[in-house]
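J.: Got a structure for you, questions after.
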Amino acid sequence: MRQIIFVHGEKGGVGKSTLATVLVELAPSRPAIAECDRTAPDVARRYRSSGYMGLDVPLLSNDAPIDILTDLMGVLGDVSEDLIVVNLPSAAGLVVNQYAELISEVSVAIKRELVVAYVVGAGADSVRSAMDCARDGLANFAQRRVAILNGYFGSEARSRWTKEADRVWRGTVGEMPGLPLRVSDHVRRVDAPLGAIADGSVVGLQPLERIILRNWLRDCAPIADAVYG
Amino acid sequence: MHDDARSRLLDLAADPKLRTERARIRALRPEIEAARAAGRTWREIEDALGVARSTLFAALRGVRGKGAAPPANVDKVEKVAEVVAASFEEAQPLGEMVRKSKIKRWGE
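In the order they appear, the protein sequences are chains A and B.
Note that this note's numbering has the first sequence beginning at 7, numbered continuously upward.
Note that this note's numbering has the second sequence beginning at 807, numbered continuously upward.
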C-alpha cells in the first residue's frame with residue numbers, strides 16, 4: 007500500500023519529531039521524508055546524509071501556505087518510494103487542517119492512502135487539538151488515523167485521553183514508550199539514524215544506553231504496525 | 807485566448823464585488839471549463855490568466871476553511887481527483903517544478 011503519513015500534533019514539544027524518526031526507522035520499506043519543520047529540522051538532520059530521499063519544505067514562510075502545500079503535493083506525486091513521512095512543525099497544524107480537503111483530494115489523485123499519526127502530549131489542550139483534528143481537520147479526511155499518546159510524560163497523556171476522545175477520534179490509539187531522559191539527551195546530540203546509533207555503528211552512546219535504545223525501538227513496533235497496517 | 811482572458815480578468819478586477827483574485831478566477835470558471843473542453847492544458851490557462859497554478863486550483867476548487875463540512879459524496883471527490891490527476895499529467899516535468907518551487911530536495 008502506497009501511503010503518505012502526516013506526523014501531526016498542534017502542540018510543540020509533544021514528540022512529533024521523535025515519532026517521525028520512529029516511523030522512518032521501523033518502516034517496512036525505506037520511506038521518503040518531507041521535513042516541514044524549518045526551526046527544528048530534527049528528522050532531516052538525522053537522515054539527510056544517509057541516502058534517504060528527502061525534501062526541505064518551507065511550509066511556514068513568507069509564501070502562502072496553500073502555494074507551498076500545492077507545490078509539495080505536486081512534488082510528492084512523483085516520489086517513487088511507497089512510503090512518505092511528512093514531519094510537520096507544531097505551528098503548521100492549523101494550516102494543514104485548514105487545507106485538509108485539498109490534501110485529501112490530492113492524496114487520492116496521487117494514489118496514496120492518507121494517514122494521520124497524531125501525537126498527544128501531556129496537557130488537556132493536546133487531547134482537544136486531536137479531537138478538533140478528527141472532527142474537521144486532516145484526520146477527518148484520513149483513511150487511517152492513529153493517535154499516539156506519548157509515554158515520555160508518564161501516564162499523563164493516557165489519563166487525559168477520555169472515552170469521548172476515543173469516540174471522536176474513530177481510529178487507533180497507541181502509546182509511544184518513554185525513552186529515559188539520559189539516553190534521549192545523548193541521542194539528540196548525534197546526527198545519525200537511530201538504528202545506526204543503537205547498533206553502535208555510530209559512536210555516541212555507552213553500551214548500556216545502546217541496549218536501552220534498541221529495546222525502546224523494539225517497544226515502538228506496535229505504533230509502526232498501527233500506522234503502516 | 808491569451809489576450810481575451812487577461813482583459814476579461816482585468817475587467818472583473820474592476821468589479822467591487824470581485825475584490826479578490828480567487829473570486830475573479832471563479833467568475834471565469836465557464837471560460838476555463840470551455841478552454842479545458844477545447845483541449846487547452848492547465849499550463850496554457852494559467853499562462854493566459856497570468857496566475858500561479860496553485861492560485862488557479864485553489865480558486866476553482868473553492869478550498870474550504872476549518873469547520874467546513876466534509877465532502878458530500880465519494881463521486882464528487884473522485885471527480886475532482888480525476889481533474890487533479892489529469893492536471894498532474896499535463897504539468898511541467900518534475901525537475902522544473904522543483905527548481906521553480908521553494909521545496910528543495912536533499913543534496914541539491
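By construction, the Cβ of each residue, glycine as well, lies at the ideal position given by its N, Cα and C atoms.
1. Using 8 angstroms as the limit for Cβ to Cβ distance, is A878(B) near chain A?
2. For P64(A), I'd like the list of residues in its chain whose CB is within less than 7 angstroms of its CB, leaving aside the five on either flank, ordered along the chain.
3. Express the C-alpha separation of G18(A) and C42(A) in angstroms, rounding to a whole number.
4. So, with DSSP's three-state summary, where would you put L126(A)?
5. Closer than 9 angstroms, Cβ to Cβ, to anything on chain B: give me those residues from the segment 147 to 164 of chain A, in chain order.
6. Bridge partners of A38(A), per DSSP?
7. Quick check on DSSP: helix, strand or coil for E119(A)?
8. Determine the contact status of L61(A) and R911(B), defining contact as a CB-CB distance below 8 angstroms.
9. Contact criterion: CB-CB distance below 8 angstroms. Does A829(B) meet it with respect to chain A?
10. Note down, in chain order, every chain A residue with its Cβ under 9 angstroms from the Cβ of W912(B).
11. Compare the C-beta of D88(A) against all C-beta atoms of chain B and say whether one is closer than 8 angstroms.
12. Could one say the Cβ of R867(B) lies closer than 8 angstroms to chain A's Cβ atoms, at least one of them?
13. Against A858(B), what residues of chain A qualify as contacts under a CB-to-CB distance less than 7 angstroms, listed in chain order?
14. Residues of chain A with CB closer than 8 angstroms to the CB of I851(B), please, in chain order.
15. Using DSSP with H/G/I as helix, E/B as strand and the rest coil, what is Q104(A)?
16. Return helix, strand or coil for A26(A), following the three-state DSSP convention.
17. Measure how close the beta-carbons of R118(A) and Q9(A) come, nearest whole angstrom, since I'm counting them as under 8 angstroms.
18. Going by the C-beta, is S907(B) closer than 7 angstroms to any heavy atom of the ligand GTP?
19. How many angstroms separate the CA atom of G37(A) from the CA atom of S907(B)?
20. In angstroms, rounded to a whole number, what distance separates the CA positions of V189(A) and G21(A)?
21. Using C-beta distances below 6 angstroms, list every residue in its chain close to G235(A), excluding the 5 sequence neighbours before and after it, in chain order.
22. Is the segment 76 to 90 of chain A touching the segment 122 to 140 of chain A, taking contact as three or more C-beta pairs under 8 angstroms?
23. Could you compute how far the alpha carbon of V880(B) sits from the alpha carbon of E215(A)?
24. Compare the Cα-Cα distances from R141(A) to each of I11(A), N103(A), M182(A) and R195(A) and report the closest residue.
25. Give me the Cα-Cα distance between A46(A) and S860(B), rounded to the nearest whole angstrom.
26. State the Cα-Cα distance for the pair H14(A) and F147(A), rounded to the nearest angstrom.
T.: The short version:
1. With a pLDDT of 40 at A878(B), under the threshold of 50, the modelled position of that residue is not reliable, and the figure given next carries that caveat. Not closer than 8 angstroms to any Cβ of chain A, the Cβ of A878(B) fails to qualify, so no.
2. R44 and I74
3. 14 angstroms
4. Sequence check: residue 126(A) is Val here, not Leu. V126(A) falls in the strand class under three-state DSSP.
5. F147
6. I90(A)
7. strand
8. yes
9. no
10. I39, E41, A50, Y53, R54, S55, Y58, M59, G60, L61 and D62
11. no
12. yes
13. D73
14. Chain A residues near I851(B): none, gap ~15 angstroms exceeds 8 angstroms.
15. helix
16. helix
17. 6 angstroms
18. As for the ligand GTP, it is missing from this structure, which has no ligand bound.
19. The amino acid occupying residue 37(A) in the given sequence is Pro; Gly does not appear at that position. In a straight line, the C-alpha of P37(A) is about 22 angstroms away from that of S907(B).
20. 15 angstroms
21. none
22. no
23. Note that V880(B) has pLDDT 43, beneath the 50 cutoff, so the model's placement of it is unreliable and the number below is only indicative. Going from the Cα of V880(B) to the Cα of E215(A) covers about 50 angstroms.
24. N103(A)
25. 27 angstroms
26. 13 angstroms
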